[in-house]
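Participant: According to numbering that gives the first Met the number 0, the stretch in the sequence shown is residues 0 to 263, in order.
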Amino acid sequence: MQPASFRFEVKDRVGVVTFTRPDTLNSLTFEVYRELRDLFAALEDDAAVRSVVITGEGRGFCSGGDVNSIIGELFARDMPGLVEFTRMTCDLIRNMRALRKPIVAALNGTAAGAGAVIALASDLRVASEKAKIAFLFVKVGLAGADMGAAYLLPKVVGLSRATELLYFGDAVDAPTAERYGLFNKVVAPERVLDEAMAWAKRLADGPTFALGVTKELLNQELNLDLFGALDNEARAQAVCMQTRDFREAYDAFVQKRPPRFTGT
Numbered sequence: 000m001q002p003a004s005f006r007f008e009v010k011d012r013v014g015v016v017t018f019t020r021p022d023t024l025n026s027l028t029f030e031v032y033r034e035l036r037d038l039f040a041a042l043e044d045d046a047a048v049r050s051v052v053i054t055g056e057g058r059g060f061c062s063g064g065d066v067n068s069i070i071g072e073l074f075a076r077d078m079p080g081l082v083e084f085t086r087m088t089c090d091l092i093r094n095m096r097a098l099r100k101p102i103v104a105a106l107n108g109t110a111a112g113a114g115a116v117i118a119l120a121s122d123l124r125v126a127s128e129k130a131k132i133a134f135l136f137v138k139v140g141l142a143g144a145d146m147g148a149a150y151l152l153p154k155v156v157g158l159s160r161a162t163e164l165l166y167f168g169d170a171v172d173a174p175t176a177e178r179y180g181l182f183n184k185v186v187a188p189e190r191v192l193d194e195a196m197a198w199a200k201r202l203a204d205g206p207t208f209a210l211g212v213t214k215e216l217l218n219q220e221l222n223l224d225l226f227g228a229l230d231n232e233a234r235a236q237a238v239c240m241q242t243r244d245f246r247e248a249y250d251a252f253v254q255k256r257p258p259r260f261t262g263t
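#1: With which residues is Glu-8 paired in a DSSP beta bridge?
#2: Does chain B have any CB closer than 9 Å to the CB of Gly-64?
#3: I'd like to check one pair, Ala-148 with Ala-111: are the Cβ atoms closer than 9 Å?
#4: Tell whether a beta-carbon distance below 9 Å holds between Ser-121 and Ala-173.
#5: If you scan the segment 166-242 from start to end, which runs of the alpha helix (DSSP H) of 4 or more residues do you find wholly inside it?
#6: Here's the rule: buried if 16 or more other CB atoms are within 10 angstroms of the residue's CB, otherwise exposed. What is Val-139?
#7: When you compare each of Phe-7, Leu-217, Asp-11 to Phe-18 by their alpha carbons, which one comes out closest?
#8: Skipping 5 residues on each side, what residues in its chain have a beta carbon closer than 7 Å to that of Ser-4?
#9: Would you call the segment 97-105 and the segment 207-219 touching, i.e. three or more CB-CB distances under 8 Å?
#10: Quick one: measure Cβ to Cβ for Val-125 and Val-191, integer angstroms, because I've assumed they're closer than 8 Å.
#11: Tell me Gly-112's beta-bridge partners as DSSP assigns them.
#12: Pick helix, strand or coil for Thr-23, following the three-state DSSP scheme.
#13: Quick check: the Cα distance between Ala-47 and Pro-79, rounded to an integer number of angstroms?
#14: Label Asp-244 either buried or exposed according to how many other C-beta atoms from any shown protein chain fall within 10 Å of its C-beta, with 16 as the threshold for buried.
#15: How close, in whole Å, do the beta carbons of Phe-84 and Leu-91 come, if the pair is a contact with beta carbons under 8 Å?
#16: I need the boundaries of the alpha helix (DSSP H) containing Arg-96, first residue and last residue.
#17: Kindly identify the DSSP beta-bridge partner or partners of Lys-131.
#18: Beta-carbon within less than 6 Å of Ala-209's beta-carbon, same chain only, minus the 5 sequence neighbours each way: which residues are those?
#19: Based on DSSP bridge pairs, tell me the residues matched to Gly-157.
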């Protein structure tokens, strides 16, 4: 079912999410949050999709929550109503991280607020030279710890740098974000989507069961000690050794041909 608030299409086993509100730099509404949350939950069982790309139309990737359609309405809510909203936004990030398929953010422009966290929750980030990213929650009187930012960001850039980004909420340009390790790759604006799609296609052609296990363990081991991680990885690797893809990789090597992975 096609979402009403953004565009979703499947291209060669890559699910492409495109924010389609360029006049507001692709700001988020209640409807966008809900449909994104539900889409990422549904993609787990969608065999036609083996990786995902998220991008935006126009000059921006995503500027965060829409001031008029979200913030204005939140002032009329009581505490249970506010918690209902914040849990919905966190459920979006939970579903992105729980999805056992790679997600590549194609940052065609500014990613701010919730848009920055959506980029952060993706597995990989390809950005335009003109892109900026800002975790600007404190600039509107909110905690910098929103939608998992205070958990995920230190894991990517380190505690000290994450503290700086979340305390000040200032926009960081693409070269700086790449230097911090926040952007994986920075390219010319006209190449962003093509580069992200190339990565996503490469992942879609790969051993997607093994990639799913890799993502699952990356999530689990964020809070494990070394011995716990080693135990997890020993058991997970034994499971992967029973897959058809493991056998296919060996057969392809012996036969001197590219492997044809099926994700099973």
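All residues carry an ideal CB built from backbone N, CA and C; glycine is no exception.
Keep in mind the model is a prediction, meaning the values are calculated, not measured.
Facilitator: On the basis of the data shown:
#1: Looking at the DSSP output, Glu-8 shares a beta bridge with Val-15.
#2: No chain B appears in this structure, which consists of one protein chain only.
#3: No, they are not a contact pair.
#4: Taking 9 Å as the cut-off, the Cβ atoms of Ser-121 and Ala-173 do not count as close.
#5: Taking only runs of at least 4 residues, the alpha helix (DSSP H) segments lying wholly in the segment 166-242 are 173-179, 191-203, 207-219, 225-239.
#6: Note on Val-139: under 16 other CB atoms within 10 angstroms of its CB, so exposed under the neighbour-count rule.
#7: Ranking Phe-7, Leu-217, Asp-11 by Cα distance to Phe-18 puts Phe-7 first.
#8: These residues qualify, in order along the chain: Thr-28, Glu-30, Val-31, Glu-34.
#9: Result yes; three or more Cβ-Cβ pairs closer than 8 Å.
#10: Here Val-125 really is in contact with Val-191; their C-beta atoms are around 6 Å apart, less than 8 Å.
#11: Beta-bridge pairing by DSSP links Gly-112 to no other residue.
#12: Helix.
#13: The straight-line gap separating the alpha-carbon atoms of Ala-47 and Pro-79 is approximately 38 Å.
#14: With 16 or more other CB atoms across the displayed protein chains lying within 10 angstroms of its CB, Asp-244 is buried.
#15: About 11 Å; that fails the 8 Å criterion.
#16: Taken as a continuous stretch (DSSP letters only), the alpha helix (DSSP H) holding Arg-96 covers 78-97.
#17: Paired residues: Asp-172.
#18: Cβ-Cβ distances below 6 Å link Ala-209 to Cys-239 in the same chain, with the five nearest sequence neighbours on each side left out; the list follows chain order.
#19: Gly-157 is not bridged by DSSP to any residue.
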